[in-house]
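Residue numbers (the numbering used here), protein chains in the order written: chain A, 49 to 162; chain B, -12 to 97.
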Amino acid sequence: NAGVMQNPRHLVRRRGQEARLRCSPMKGHSHVYWYRQLPEEGLKFMVYLQKENIIDESGMPKERFSAEFPKEGPSILRIQQVVRGDSAAYFCASSPGGVGLGYTFGSGTRLTVV
Amino acid sequence: QKEVEQDPGPLSVPEGAIVSLNCTYSNSAFQYFMWYRQYSRKGPELLMYTYSSGNKEDGRFTAQVDKSSKYISLFIRDSQPSDSATYLCAFTGANSKLTFGKGITLSVRP
């Protein structure tokens, strides 16, 4: 069991470019969550998805950010027109059920906007 | 008032020391109380969880919850250099979201 796989591990983008972060959940897990960890801040919830559905996106910034979890393939967190303030570690977690226990986190994608 | 407050760090202790990490929370809807450990450049991993007031032990680790005071603690006995990491308290209620503290970085000196 490979665990939650995130790629790339590191991503550098210039201001105004798009960033695409990918997350493959653990085998058998159908619930995916994205969290962001800003410097000197704790992890903040962004979005909760099941296959082809966004369940809770209350933590997503209103503009430029979107997420999907298609029927086939990994979950994608997309950030359009990146700004320096988007530089952070983005963590994906998966779970077999929709409760707060049983999360397994990936190792994260570190986004740097230059 | 912030939903979760965690004692700031960093914290440096000698090997073998007892470590006490603390968080307070304000949201009465929280039902599960967790501690995560995060090594540098890694994702958080669940260390312990509990859902009731009182103590829960797992080896050298004890999680303590006081719901009346909205206060949780993690105690580490006989701390080891391998315990050096960032420790995050986390909370969840009926939904799936976790609410985290900011984390405290612990360094255990050999």
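C-beta atoms are modelled at their ideal positions from N, C-alpha and C, and glycine is treated no differently. Predicted, not measured: the structure shown is a model, and the values here were computed from it.
Output yes if chain A places a C-beta closer than 8 Å to the C-beta of residue i; else output no.
i                 : result
Asn82 of chain B  : yes
Tyr121 of chain B : Chain B is shown only over -12 to 97; residue 121 of chain B falls outside these bounds and no answer can be derived.
Lys43 of chain B  : no
Lys89 of chain B  : yes
Glu32 of chain B  : yes
How is residue i classed by DSSP in three states: helix, strand or coil?
i                 : result
Pro68 of chain B  : helix
Gly133 of chain A : helix
His58 of chain A  : strand
Leu34 of chain B  : strand
Gly76 of chain A  : coil
Tyr18 of chain A  : The first residue shown for chain A is 49 and the last is 162, placing residue 18 of chain A beyond what the model contains.
Lys92 of chain A  : strand
Leu8 of chain B   : strand
Tyr138 of chain A : strand
Ala16 of chain B  : coil
Determine, for residue i, whether the minimum Cβ-Cβ distance to residues of chain B falls below 8 Å.
i                 : result
Phe153 of chain A : yes
Tyr81 of chain A  : yes
Gly156 of chain A : yes
Gly133 of chain A : no
Tyr138 of chain A : no
Under the DSSP definition of a beta bridge, which residues are partnered with residue i?
i                : result
Gln98 of chain A : A:His79 and A:Asn101
Ser83 of chain B : The partner list for Ser83 of chain B (beta bridge, DSSP) is empty, contrary to what the question assumes.
Asn42 of chain B : B:Gln51
Met21 of chain B : B:Tyr36 and B:Ala77
Met53 of chain A : A:Ser72
So the beta strand (DSSP E) residue i belongs to, where does it begin and stop?
i                 : result
Ala115 of chain A : Phe113 to Glu116
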